[in-house]
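Reading through the structure tokens given below for one structure.
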Amino acid sequence: MIENEEVDRRRDAPPALRSSSVAETAAELHRRSVRLFGRSLHIRTIDTGSCGACESELRLLSSPRYDFHRLGLFFAPAPRHADCLMVTGPGTLAMDHALMTTYEAMPDPKIVVAVGACPMGGVFGRDQYTHGDLSTQLPVDVYIPGCPPSPLALLQGLLLALDRSQARMPGRTEPAR
Amino acid sequence: MANWFLRGVRQGVVTTAYPRRADLSTADLPVPPTFASGRINSEKAARLVAVCPSSALAVEAADLVLDVGRCTGCQRCLRVAGEDGRSSAHFEWATRDRHALLVHFPIGESS
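This is how it looks when you write it as structure tokens:
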């Protein structure tokens with residue numbers, strides 16, 4: 001009985017944040033979301049006008065070769081089921097409504113991942129048809145560069161979003177051999 | 178049944194061991210370039226910026242700046258850079274910090 005009451009209390013009202021400053025609050029929220037998502041993540045993907053290369057790499061994540069289910073990662077059939085939104089494409093204006101509706105339909109807390117060069121303004125810049133930069137539309141948590149990013153790069157980005165991997169960028173300047 | 182089992186044992190597991198161990202297939206991926214620091218002069222830097230189709234390269238102050246986020250790994254710049262550039266051979270660029278994707282290479286006097 002005690003356990004059930006405990007579960008009910010936790011479901012009804014999350015404990016109030018104890019921290020005072022904005023930075024501390026952000027850090028505590030980050031810790032909580034990592035604790036929440038640390039073991040498993042359900043992913044919704046949305047294509048905002050990509051060429052399809054990123055989608056083909058994303059689909060490969062569930063193939064026997066990469067098998068992201070072994071790491072507790074899954075594709076969700078609807079945004080209502082998803083913790084993480086992976087956005088591909090340059091952000092065409094025609095997809096604005098679909099992107100925002102999908103984002104708003106996802107339950108909090110949620111993670112946004114920018115996939116490929118397009119959401120970072122690489123292939124198409126900002127013009128009258130595209131936003132060209134996802135961070136102007138949604139708060140982006142993790143950026144995964146590549147055109148398209150390989151399934152292994154996607155895996156590393158997802159594990160980074162879950163704090164199960166470190167950023168592994170090489171040094172700023174490397175001498176040529 | 179027995180044959181199926183033996184074939185499975187012989188051919189092994191196809192799933193990558195990636196986060197635990199490195200995956201050998203990553204050596205062939207198209208990845209962003211890297212340039213020798215101080216070996217690219219301003220004239221060559223301008224040619225590199227001009228050849229980049231995704232505006233990932235720019236000259237800022239005394240640096241050639243590569244925006245890895247915008248780079249498509251087409252390697253056209255490597256043809257222009259010749260011996261002063263090579264593939265970074267690194268695919269794990271995921272980051273939380275967009276600005277960390279800006280890689281600076283100091284521009285030198287001679288090339």
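From first to last, the protein sequence lines are chains A and B. 1 is the number of the first residue of the first sequence in the numbering used here; add one for each residue after it. 178 is the number of the first residue of the second sequence in the numbering used here; add one for each residue after it. We put the beta carbon where it would ideally sit given N, CA and C, even for glycine.
The Cβ of S150 of chain A sits closer than 7 Å to at least one Cβ of chain B. Inter-residue distance for S231 of chain B and G185 of chain B is about 45 Å (C-alpha atoms, whole angstroms). For R44 of chain A, the enclosing beta strand (DSSP E) stretches over residues L41 to D47. Non-local beta-carbon contacts of G125 of chain A in its own chain, meaning distances under 8 Å to residues more than five positions away in sequence, involve G132 in chain order. The region 262-274 of chain B and the region 135-142 of chain A touch, with no fewer than 3 CB-CB distances between them shorter than 8 Å. Around Q128 of chain A, no beta-carbon contact reaches into chain B at under 8 Å, the shortest distance being about 18 Å.
By the CB criterion at 7 Å, T203 of chain B and L152 of chain A fall inside the cutoff. Secondary structure within the region 209-251 of chain B: the alpha helix (DSSP H) runs of 4 or more consecutive residues, fully enclosed, are 219-228 (chain order). L138 of chain A sits away from V113 of chain A, with the two beta carbons spaced by 7 Å or more.
In the structure shown, M86 of chain A falls within a strand segment according to DSSP collapsed to helix, strand and coil.
For Y143 of chain A, the pairing in a beta bridge is given by DSSP as A:A114 and B:T272. Under DSSP, no beta-bridge partner is assigned to L155 of chain A.
When A:Q156, A:A161, A:P170 and A:L162 are compared, the shortest CA-CA separation from R198 of chain B is found for A:Q156. Interface with chain A (7 Å Cβ-Cβ cutoff): G185 of chain B is excluded. Sixteen is the threshold: since fewer than 16 other Cβ atoms of the shown chains lie within 10 Å of the Cβ of F182 of chain B, the residue is exposed. By the 16-neighbour rule on beta-carbons within 10 angstroms, R39 of chain A is exposed. If you look at S56 of chain A, you'll find it isn't in any beta strand (DSSP E); it sits in the alpha helix (DSSP H) that goes A53 to L60. Per the coordinates, the alpha-carbon of P90 of chain A lies some 9 Å from the alpha-carbon of Y129 of chain A. By the criterion of at least three beta-carbon pairs nearer than 8 Å, the region 115-122 of chain A is in contact with the region 80-100 of chain A.
A straight-line Cα-Cα distance of about 6 Å links P79 of chain A and A105 of chain A.
The residue from B:A194, B:C248 and B:A239 with its alpha-carbon nearest to that of V228 of chain B is B:C248. For L138 of chain A, DSSP assigns no beta-bridge partner whatsoever. Each residue's CA atom was taken as its position, placing G122 of chain A and V257 of chain B some 20 Å apart. In this structure, the CA atom of L241 of chain B is about 11 Å from the CA atom of R224 of chain B.
Under the three-state reduction of DSSP output, H81 of chain A falls in the helix class. At a cut-off of 7 Å between C-beta atoms, C147 of chain A counts as an interface residue with respect to chain B. Neighbourhood of Q137 of chain A in chain B, by CB distance below 9 Å: empty, with the nearest CB roughly 14 Å away.
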